[in-house]
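J.: Let me begin by handing over the structure; questions about it come next.
Residue numbers (the working numbering): 42 to 128.
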């Protein structure tokens, strides 16, 4: 079994390319998954994270003008439910 985790280096490059600042955090990282499952969910998970960053998180200057913290925050949570993993 493999521990659920996602490398954040790809997200850092994505933040830079979009001109966004973001904190990415994970919970439920102790959820055990088969290594092949971990490998297979990486690409499908990229799309909603990219959308959240590009459409849901403002540029740091806009966030400051709105009196929000400069970096946006995205949290991913994984847990087991009835034999399935939910993210």
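The beta carbon of each residue, even a glycine, is placed where N, CA and C say it ideally should be.
Because the structure is a prediction, the values reported are computed rather than measured.
Using a Cβ-Cβ cutoff of less than 6 Å, which residues in the same chain neighbour residue 114 once the five nearest sequence positions on both sides are dropped?
T.: Here the set comprises 64.
J.: Taking the alpha helix (DSSP H) that residue 97 belongs to, which residues open and close that run?
T.: Here the alpha helix (DSSP H) through residue 97 covers 76-97.
J.: Please report the residue range of the beta strand (DSSP E) in which residue 114 lies.
T.: Its beta strand (DSSP E) spans residues 113-118.
J.: Between the beta-carbon of residue 94 and the beta-carbon of residue 117, is there less than 7 Å?
T.: Not a contact, by the Cβ cut-off of 7 Å.
J.: Tell me which same chain residues have a C-beta within less than 6 Å of the C-beta of residue 127, skipping the five on either side of it?
T.: Correct list, in chain order: 120.
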